[in-house]
Structures are given as C-alpha cells and as structure tokens.
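Numbering-wise, the sequence shown is residues 3 to 851 according to my numbering. Virtual Cβ for every residue (Gly too), placed ideally from N, Cα, C.
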Amino acid sequence: MTTQAVENAVVYELQFEPGELPPFSTLGHALLDGPPDVADAPYPLVVYSHAHWSMGQELPYLVEHLASRGFVVISTDHEDNWSTDLGPMAFETMIRRPQEVTRQIDFAEALSAPGGDLDGMIDTKKTGIAGFSMGGVTAMAAAGAQMDLAGLRDWCAANPALVEENSWACIDILDHEAEMAAFAGLDEVPSELWPSAKDERIAAAARLSGSLFMFGSDGMAPIDVPVLLMHGGGEEISDPGLEVGDPYESAGSQRKAELVLDLANHMVFWSSCADSPSMVDIGFPMFCTDPVWDTDRAHDLINHFTTAFFEAELKGNAEAASALAAENVAFPGIKYEATGYGESAGAQIQSEKGYADVNGTHLYFEMAGEGEPVVFIHGLGWDTRDWNYQFTELAKNYQVVRYDMRGFGKSDMPTDQPYAHADDLKALLEFLGIESAHVFGHSFGGEIAINFALAYPKMVRSLVLIEPDIQGARDLPALTPEEEASFAAVFTALEKEDNAGAALAIVDMHPLVTVAKDVPDARELILSAFTDYQWFQFLNEDPVVQPEIASAERIGEITVPTLLVVGDSTTEYQKIEVDRLVEGLPNAEKVVFANSDHFPHVLYPDKFNTLVRDFMAAVGADLESQSTQLDVDIVTQIDTMIEETLARTDVPGLAIAVVKDGEVAYAKGYGTTSLDGGAPVTDQTVFQWCETSMALTTMAVMKLADEGKLDLDKPIVDYVPYFHLADERYKEITTGQILAQVAGIPDSGAAMADWETFMPQYDGAALERWVRNDLAEKGLLFAPGEGWEYSDLAYALLGSVIEAASGQPYEAYMTEHFFAPLGMEKSTFLLEEVDKTLLASPHVPDAEG
C-alpha cells in the first residue's frame with residue numbers, strides 16, 4: 003500500500019524458535035520503511051489464519067498479493083502453531099482459534115483508531131478472512147459455521163474404515179468433547195450444534211482446503227456470508243465426497259463459489275520451495291511441491307480467485323463479481339461452480355450488510371432484493387431479528403432494509419449528544435440512496451415510524467404498524483400487576499447482570515407474550531433477542547429528543563395508506579392505541595390476528611406476509627395512478643385557456659390529452675361536435691385527421707424502405723401500374739420526390755372549402771378508385787424534381803405505393819404496424835368502422851372566415 007518505486011524492495015527473513023525441528027525460515031517481500039498510501043484509505047481488512055503445525059507467514063504469495071491490491075492483511079501465529087511439532091491436534095484449537103481471529107480484528111481496530119499506528123487506514127466493518135487447511139476450518143467457524151460433533155460421531159461410527167485417516171477428527175476431537183465443552187465454558191456437551199463463534203464483522207470467508215468434518219451439513223448451513231471454497235482434486239482431506247455433507251451445497255450463503263485444482267494435493271496451497279528453501283533443507287520438499295501442478299501456476303489461480311472474491315465482497319467491485327460468474331471462468335485444469343454471481347445471480351436474493359456512518363454514529367443495516375423500498379423498524383428490546391420472517395421473504399419482490407436503531411443490536415450506543423431516531427432513519431435512507439419507502443414498525447418501532455412520517459412525509463409511501471406506541475398519548479391504562487411483576491423481575495435480573503434472566507422475565511411473565519411463549523420457534527427468537535439486548539434505555543439517561551409537538555396531537559396529518567395489525571390476545575393498552583390510530587388516521591385500516599399476542603408477524607409469518615404484500619400492491623397501484631394525475635391548479639389553467647380560445651376563434655369543439663410518464667394524465671372534451679351544435683365533445687369523440695395523417699404515411703414508407711421492400715428512387719409506376727396522369731411526365735415521378743414535395747402534382751386547394759361537394763370516400767376500395775379516376779384527370783405543375791409545391795393529393799398516392807410494397811391493404815398495414823403497437827385501438831382509416839354518434843363533423847373556413 004505505497005507509491006514508492008519497486009526498486010526499493012528488500013527481502014527479509016523471519017526466524018522461528020526451534021523445537022524438535024531445526025531453525026526454519028520463509029522469505030517474503032516488502033518495502034523498507036515505506037509510508038502507507040493514504041489516498042484510498044480506509045482499506046478493507048483481511049485476516050489470514052494459518053494451518054495447524056504452521057505459522058502466520060506460511061503463504062507470502064497470497065498475503066502479499068492481497069496487500070498489493072489494496073487490502074490490509076493481518077496474520078499472526080495461533081497458539082497451536084509450529085511448536086506442537088506435528089503432534090496430535092490440540093482439542094482446544096476449535097474453541098481458541100475463532101477467539102484469536104476476533105482478537106486480531108480488535109487489534110486492527112486499535113491500530114486504525116485515532117492516534118493509532120495506522121490511524122484511519124483500516125476498515126474492519128466488512129472484514130474478510132482466509133485460511134489454509136486448519137486455517138480454512140477457522141475461517142468457516144469465524145464466518146458462522148457451527149460444530150456438529152453429534153453428527154461427526156455418527157459419521158465416524160458409520161465409516162470405521164475411514165477413522166484412522168481422519169483420526170484428527172474421529173479421535174483427537176471426539177475423545178475430548180467434555181474437555182472442549184469445559185474449555186468453552188459450557189455446562190455440558192451440546193447434543194446438537196455447538197454455539198456459534200461468528201464475528202459479525204466478517205463479511206466474506208475463503209477456505210484454501212481444510213476438512214470441515216466437524217461442521218457437517220447442519221453446521222455449514224448457518225453461514226450467511228459469501229464463501230469461496232478451494233481444494234485439490236487429488237487430496238482426501240478435503241474431498242467433498244468424504245465430508246460429512248458437501249460443504250459447498252450445505253453453506254447457507256446466497257453467494258458462494260467452489261474451485262477445484264484437478265489432481266492437486268493438499269500442499270499445493272503452501273509456499274513454493276523458492277519462498278520456503280528451509281523446507282528442502284530440513285528434508286520436507288513434499289511440503290512445497292505438487293506431483294502434478296507447477297506451484298507458481300497454481301498460486302496464480304489461487305491469487306486470482308481469492309482477490310476477485312474479496313474485491314467483489316469487501317469493495318463491491320462489480321467487475322470482480324462478474325469474473326466469479328461460472329460462465330466467465332474458463333481456465334484449464336480446474337473445476338468451478340458458483341451461485342449468486344453473473345447471469346444466474348438474478349435468481350438469487352442479494353444481501354448487503356454494513357454500517358452507515360450518519361449523524362455522528364454507526365448504524366448497522368442489512369439490505370436485499372429489488373423493487374419498491376421497504377424499511378423495517380424493530381421494537382424495544384429487539385434488533386434486526388424482529389423481522390427475520392419478513393426480510394428474506396419480502397426481498398423476493400421488494401428492496402428491503404432492516405437496521406438496528408441507535409442503542410440497539412450492532413449499532414453504536416448513544417453518547418451524551420441529543421439525537422432523534424426519526425432523524426437517524428432519514429439519514430440512513432439517504433445514505434442508501436432511497437428517496438421514499440414503505441415503512442414497517444413494530445411496537446416502539448411503530449412509534450418511530452409515526453414520528454418519521456410526521457417529520458418527513460415525502461419519504462413515506464405507506465405505513466405498516468404492528469401494535470404501535472404513540473408518542474405523547476394520554477389517558478392510557480396503568481400498568482397491570484402482571485406487567486409490574488414482569489418489570490420487577492427484569493430489574494432484579496439486571497442487578498445481577500443476568501440478561502438471560504431478564505429476557506425470561508419478559509417472555510414468561512409479561513402479558514404481551516401470552517401466546518408466543520408457548521410456541522417454540524417464536525419463544526426462541528424472542529428470548530435470543532432480549533438476551534442480547536443491553537437494556538440501555540432502562541439503565542441509562544437516554545439523550546433521545548422527542549418531537550416538539552406530541553405525535554398523538556398530529557396523527558391526522560398522516561395521509562398515507564396505513565395498515566394497523568393487532569393481536570386479539572394483546573393488552574388493553576395496545577388495543578386502545580391501535581383504535582385511536584384507526585380513528586385519527588384518515589387513510590387507515592385495521593386487521594386483527596386471532597389467537598395472537600404482541601407478535602403476529604412472528605407467530606403467523608405466512609399470513610402476515612401475504613397481508614402486507616396485498617396491501618403494498620394496492621398502495622403501489624394507487625401511487626402509480628396518482629403520479630400520472632395533474633395538479634388541480636394545472637387542470638384549471640388548461641380549462642381556462644381552452645375555453646377562452648374557443649370563444650375567441652369560433653372553433654366549435656376540441657379534445658385534448660396530456661401524457662405524463664407514458665400514461666394519460668388528463669383527457670377532456672370541450673365544445674360541440676359540429677357548427678350547428680351537435681353533441682358535446684368528450685375524450686371519446688372521433689376526429690378526422692385529414693392531412694395530419696401524412697406523418698404516419700411517411701413513417702410507413704420509410705419503414706418499408708429500411709426493410710428493402712421499397713426503393714425511394716424507383717418510379718411510382720413500377721409499384722402502381724394503374725397510376726397515370728394527363729401529363730405523360732408522370733412516369734418519371736418517384737416515391738422520394740413525393741416525400742420531398744417536388745413531384746409536380748397539384749394540391750387539392752380550395753376543393754375542401756365546399757365539404758358537401760368534396761366528400762371523400764372512406765372504404766377499403768376508395769384509394770384505388772381515386773387513383774384510377776379522380777387523380778388521373780390531373781396534370782403536372784412542373785417536371786418532376788424541377789420545382790416545389792405542397793400536395794396532399796400526391797401524398798394520398800403513397801397509400802397505393804405502400805399497398806404494393808407491403809402486399810397488404812393500406813388500412814390493414816397501418817393498423818398492424820402502427821396503431822396496434824401503439825395501443826391506438828379506436829383509430830382507423832375507414833369511416834365505416836366509426837360509431838357515427840362519436841364522430842365530429844369536419845369543417846373548413848369559407849371566404850368569410
């Protein structure tokens with residue numbers, strides 16, 4: 003990360019303490035005292051985790067390559083490193099390593115903190131992790147994989163012939179389950195998945211080989227960040243066919259990729275012998291070579307895919323993401339598959355997680371899907387998990403955002419500076435580039451949604467409120483004895499720093515949880531959220547600022563469509579607040595969920611999701627209709643202008659249509675259909691275009707010319723043999739000359755002034771009759787191409803040319819190729835097709851005007 007010239011590079015050696023093995027060296031490259039390049043800081047962090055019986059400097063080719071591409075790479079020695087001298091794997095490894103990863107990220111944060119050695123240089127909010135062998139296992143654990151040792155034990159029992167070669171798992175791990183549980187601080191050995199060791203700052207994880215036996219299918223499923231899985235096709239330790247479930251198929255990641263180096267052994271990922279000459283010196287050349295692959299070529303591929311992966315996931319590099327698409331990968335000697343990248347990504351729900359630095363705080367958010375924006379606001383004691391059952395499901399049709407409010411979840415705790423949750427939400431949406439959204443709020447989150455709608459009405463498309471509180475509401479019921487007992491138990495638990503006990507006091511004692519406490523999935527979700535809740539708002543002086551005028555006094559100002567959802571078994575307090583909103587909001591509807599308490603969206607997610615989908619679809623249709631309507635003031639101006647024009651010009655009537663955003667926003671008729679009165683003109687009145695249709699005729703001619711069916715320079719008689727005029731020069735007239743009005747054919751002139759005698763015919767055979775009879779009597783004003791004269795008669799002749807070139811009657815061709823594609827269902831060239839009651843009478847000015 004420096005702009006210094008490469009000739010300043012130096013080679014350094016790192017020496018390790020010898021154990022039973024002789025001294026060992028590995029070579030790397032760096033710039034001596036090179037100043038950091040701060041131009042693009044902060045840079046994403048990548049943690050590298052080494053193999054068992056190894057050290058942090060094992061893969062200089064990879065970590066140096068990542069550093070040269072704008073990543074800060076941190077790699078340290080795990081406590082189980084080289085000093086174990088190839089002995090049995092310490093069982094503590096699986097517990098300790100993810101904790102050591104977290105400590106490294108913490109250390110990087112300290113380095114990048116104000117006054118740190120790398121002040122402002124490192125971005126840890128979206129950290130990547132990569133690891134080789136046991137380091138790959140570590141990477142998966144830190145990314146969210148959970149041990150399933152019960153499943154591992156079943157596999158080892160079912161595959162006795164494979165136990166010896168997998169002794170590190172079937173023996174070294176399983177023989178020490180009790181010690182591992184004690185080392186992890188657990189009271190007993192878990193019967194199912196072990197607790198997660200995930201660090202939420204990790205946003206992407208790459209495994210360079212390494213068996214994932216101890217996770218299995220069930221243990222890989224909790225991973226929800228993108229993963230890159232690599233292994234050699236000739237190694238058994240990472241063969242998906244021998245794993246306890248295929249890791250790639252099992253990982254819950256929406257974006258994931260798998261690279262297999264055909265026939266390569268496990269150590270193909272290790273340093274080359276050139277970088278690790280000591281390997282050869284101490285008699286282990288097999289560690290830095292591969293029997294099939296040239297290691298430099300293999301390392302180039304490893305660097306390529308790993309760098310593209312972290313570029314895509316940590317930097318949002320779209321080009322890198324495209325390079326990971328299976329259809330764009332064509333290297334020989336590898337097998338590759340990917341999900342969520344490239345052309346197939348459209349079927350995947352893309353999820354983004356991160357932090358928005360707004361209003362002097364860090365707000366954690368998650369965003370997924372495409373479509374109309376939806377933002378979820380969680381309740382008191384909750385975090386983003388409040389919307390677990392809605393987030394992914396609604397992301398199929400909408401762009402959904404959920405976030406932790408200030409003082410909750412992964413977001414920063416409040417300082418002593420005043421703030422407002424509504425202002426934070428506005429800043430978050432602006433940070434994400436969202437102008438307006440459907441706003442969902444649950445309980446306390448509903449109160450914030452109401453405050454937000456009052457403060458920033460243009461940013462709200464609709465409101466979906468689940469048993470919301472109302473800021474400033476009065477005359478509400480006092481706490482019931484059950485509520486008082488529940489809160490008393492909460493504070494008793496908090497005095498003992500027992501968050502789990504406080505959560506139980508809410509779930510088992512509070513009357514808001516009368517139904518959910520007996521539904522296992524709902525109970526577990528609520529308990530997990532409240533156990534993690536820090537109770538800041540109860541234990542501290544929260545500097546949150548309330549609206550100057552209580553929201554309860556301004557409810558009627560909210561005019562957007564609002565859906566209110568309430569459980570029939572909730573508290574009287576919540577029912578009263580919902581009913582007040584139904585009464586006070588001018589555009590609200592209420593839905594009551596039977597056999598539900600305060601958590602209908604958790605208890606009945608399918609029913610709730612269907613309800614809100616239908617609601618938002620209706621809102622979207624209304625918004626689309628409203629968006630194309632004209633303002634009342636503009637309509638008034640149009641009406642006044644046209645009525646004044648009709649009075650001034652003696653025009654009997656007309657109709658107008660205003661198109662906005664591709665839709666008819668306003669259509670209206672004025673006056674009458676004839677000079678002697680007739681019927682009122684409406685937006686359905688049919689007018690005769692006459693010469694206005696010449697533009698359509700021109701388009702038809704040019705379309706046929708573009709298709710090669712019509713030559714503009716060929717004489718008309720080549721297309722219309724029955725065309726003739728009294729002047730023999732007519733044989734020279736071309737289609738192009740008629741378009742340019744230089745054919746010499748005269749105009750109809752004053753003939754239309756006497757409409758009763760002019761009366762053109764309107765039927766399918768009228769065009770040819772006119773050419774053969776009426777037009778044939780005409781002469782020419784000048785030789786074709788020698789002058790200019792506007793001529794409606796000449797243009798009418800083009801109708802016959804279009805018929806000849808297209809092979810269709812003029813009227814049929816125009817309808818098929820122009821009227822139908824444009825949706826002009828009531829337009830025609832044939833008067834016989836028109837409802838005469840809708841027809842406006844033609845008229846032209848006479849000599850007196």
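Span separating the alpha-carbon of valine 227 from that of glycine 254: In the sequence shown, residue 227 corresponds to position 225, counting from 1. In the sequence shown, residue 254 corresponds to position 252, counting from 1. Approximately 8 Å, taken between the alpha carbons.
Just to confirm my understanding: we take alanine 325, look at its own chain, exclude 5 residues before and 5 after, and list those with CB closer than 7 Å. What are they? In the sequence shown, the residue the question calls residue 325 occupies position 323. Once the five neighbours on either side are set aside, the close Cβ partners of alanine 325 are Ala310.
Thinking C-alpha only, which one of Gln548, Gln539, Trp157, Pro563 is nearest tryptophan 384? For the purposes of this step, residue 384 is taken as residue 382 along the sequence shown, with counting starting at 1. Residue Gln539 holds the alpha-carbon nearest to the alpha-carbon of tryptophan 384 among Gln548, Gln539, Trp157, Pro563.
Name the DSSP bridge partner or partners of alanine 667? Mapped onto the sequence shown, residue 667 falls at position 665. In DSSP, alanine 667 forms no bridge with anything.
For proline 602 and glutamate 835, what's the separation of their Cα atoms in angstroms? If you number the sequence shown from 1, residue 602 lands on position 600. If you number the sequence shown from 1, residue 835 lands on position 833. Spanning the alpha carbons of proline 602 and glutamate 835 requires a straight line of approximately 58 Å.
As assigned by DSSP and simplified to three states, the class of lysine 838: Taking the first residue of the sequence shown as 1, we reach residue 838 at position 836. Judged by DSSP in its simplified three-state form, lysine 838 adopts helix.
Once the 5 residues before and after valine 8 are set aside, which same chain residues still bring their CB inside 6 Å of it? Position 6 of the sequence shown, counting from 1, holds the residue named residue 8. Annotation note: pLDDT 48 at valine 8 (below 50); position unreliable, no value reported.
For glutamine 106, which residues of its own chain have a beta-carbon under 7 Å away from its beta-carbon, when the five flanking residues on both sides are left out? Counted from its first residue, the sequence shown places residue 106 at position 104. Contacts found: Val49, Ile76, Thr78.
Simplified DSSP assignment, three categories, for glycine 447: In the sequence shown, counting from the first residue as 1, residue 447 sits at position 445. Secondary structure of glycine 447 (DSSP, three-state): helix.
What is the residue span of the beta strand (DSSP E) that glutamine 576 lies within? Against the sequence shown, residue 576 aligns to sequence position 574. That residue, glutamine 576, is in no beta strand (DSSP E); its alpha helix (DSSP H) goes 574-586.
Helix, strand or coil for valine 75? Go by DSSP, reduced to three states. Locating residue 75 in the sequence shown gives position 73, counting from the first residue. Reduced to three states, the DSSP call for valine 75 is strand.
Which same chain residues, not among the five before or five after leucine 434, have their C-beta less than 6 Å away from its C-beta? Within the sequence shown, numbered from 1, the residue matching residue 434 stands at position 432. Excluding positions up to five away in sequence, the list is empty.
Can you list, in chain order, the stretches of the alpha helix (DSSP H) that have 4 or more residues and sit fully within the segment 585-652? Counting only runs that start and end inside the segment 585-652, the alpha helix (DSSP H) elements of at least 4 residues fall at 602-605, 607-629, 634-651.
Sort Leu431, Pro723, Glu591, Val744 by Cα distance to serine 802 and report the nearest one. Here residue 802 corresponds to residue number 800 of the sequence shown, with the count starting at 1. Closest in alpha carbon position to serine 802, among Leu431, Pro723, Glu591, Val744, is Pro723.
Tell me which residue opens and which closes the beta strand (DSSP E) that glutamine 401 is part of. In the sequence shown, residue 401 corresponds to position 399, counting from 1. Start and end: 401-405.
What is the rounded straight-line gap between the Cα of valine 466 and the Cα of leucine 566? Start at 1 with the first residue of the sequence shown, and residue 466 comes out as number 464. Start at 1 with the first residue of the sequence shown, and residue 566 comes out as number 564. If you take the alpha carbons of valine 466 and leucine 566, they lie about 6 Å apart.
In the DSSP assignment, find the alpha helix (DSSP H) that holds phenylalanine 378 and state where it starts and stops. The sequence position of residue 378 within the sequence shown is 376, counting from 1. Premise fails: phenylalanine 378 lies in the beta strand (DSSP E), 375-379, not in any alpha helix (DSSP H).
What three-state label does DSSP hand tyrosine 45 in the structure shown? Locating residue 45 in the sequence shown gives position 43, where the first residue counts as 1. Tyrosine 45 carries a strand assignment under DSSP once its states are collapsed to helix, strand and coil.
Chain-order list of residues whose beta-carbon lies under 7 Å from that of threonine 291 (same chain, five-residue window excluded): Counting from 1 along the sequence shown, the entry for residue 291 is found at position 289. The beta carbon of threonine 291 lies closer than 7 Å to those of Cys275, Thr297 in the same chain, with the five residues before and after it left out.
Check for me: the alpha helix (DSSP H) holding serine 1 runs from which residue to which? Nothing about residue 1 can be reported from this structure: the residues present for the chain run from 3 to 851 only.
Is the beta carbon of proline 37 less than 7 Å from the beta carbon of methionine 123? Looking up residue 37 in the sequence shown gives position 35. Looking up residue 123 in the sequence shown gives position 121. The Cβ atoms of proline 37 and methionine 123 do not sit closer than 7 Å to each other.
Taking all protein chains shown into account, do 16 or more other C-beta atoms lie within 10 angstroms of the C-beta of methionine 136, making it buried, or fewer, making it exposed? For the purposes of this step, residue 136 is identified with residue 134 of the sequence shown, where counting begins at 1. Buried.
Presumed contact (8 Å Cβ cut-off) between leucine 261 and tryptophan 295, rounded CB distance: Mapped onto the sequence shown, residue 261 falls at position 259. Mapped onto the sequence shown, residue 295 falls at position 293. Cβ atoms of leucine 261 and tryptophan 295 stay farther apart than 8 Å, at about 13 Å.
Where does valine 666 land, buried or exposed, given buried means 16+ other C-beta within 10 angstroms? Mapped onto the sequence shown, residue 666 falls at position 664. Residue environment analysis places valine 666 among the exposed positions, since fewer than 16 neighbouring C-beta atoms fall within 10 angstroms of its C-beta.
Cutting at 8 Å between CB atoms, please list the residues of its own chain near threonine 839, excluding the five before and the five after it. Counting from one through the sequence shown, the residue named residue 839 turns up at place 837. Ala681, listed in sequence order.
Limits of the unbroken alpha helix (DSSP H) element including leucine 151: Mapped onto the sequence shown, residue 151 falls at position 149. Unbroken alpha helix (DSSP H) run through leucine 151: 151-160.
Would you call the segment 325-340 in contact with the segment 59-67, where contact means no fewer than 3 C-beta pairs closer than 8 Å? No: the two stretches stay apart, fewer than three of their Cβ pairs being nearer than 8 Å.
Have a look at the DSSP bridge pairing and note the partners of glycine 36. Numbered from 1 along the sequence shown, position 34 holds the residue referred to as residue 36. Paired residues: none, contrary to the question.
DSSP state of glycine 503, grouped into three classes? Residue numbering aside, residue 503 sits at position 501 when the sequence shown is read from its first letter. Collapsing the DSSP output to three states places glycine 503 in a helix.
Valine 773 and leucine 741 look like a contact to me (Cβ under 8 Å); what is the Cβ gap, rounded to whole Å? Residue numbering aside, residue 773 sits at position 771 when the sequence shown is read from its first letter. Residue numbering aside, residue 741 sits at position 739 when the sequence shown is read from its first letter. With 8 Å as the limit, valine 773 and leucine 741 do not qualify as a contact, their Cβ atoms being about 17 Å apart.
Residue nearest to glutamate 543 in terms of C-alpha spacing, selected from Met701, Ser808, Gly409, Glu791: Residue mapping note: residue 543 aligns to position 541 of the sequence shown, counting from 1. It is Gly409 whose Cα lies nearest to the Cα of glutamate 543.
What residues in its chain sit with their C-beta under 7 Å from that of threonine 687, if we drop five residues either side in the sequence? In the sequence shown, residue 687 corresponds to position 685, counting from 1. Scanning its chain for C-beta atoms nearer than 7 Å, with the 5 sequence neighbours on each side dropped, one finds around threonine 687 the residues Ala657, Gly671, Thr675, Leu840, Ala842, in chain order.
Check whether the Cβ of phenylalanine 538 lies closer than 6 Å to any heavy atom of the ligand ADP, and answer yes or no. No copy of the ligand ADP appears in this structure; indeed no ligand is present at all.
With DSSP as the reference, identify every bridge partner of valine 660, one or two as the case may be. Position 658 of the sequence shown, counted from the start, is the residue given in the question as residue 660. According to DSSP, residue pairing for valine 660 in a beta bridge involves Tyr668.
What are the residues that DSSP puts in a beta bridge with lysine 543? The count along the sequence shown starts at 1 and reaches residue 543 at position 541. Residue 543 is actually glutamate in this sequence, not lysine. Bridge partners of glutamate 543: none, in fact.
Can you grab the Cα-Cα spacing for the pair phenylalanine 831 / glutamate 813, in whole Å? Taking the sequence shown and counting its residues from 1, one reaches residue 831 at position 829. Taking the sequence shown and counting its residues from 1, one reaches residue 813 at position 811. Between the alpha carbons of phenylalanine 831 and glutamate 813 lies a gap of roughly 6 Å.
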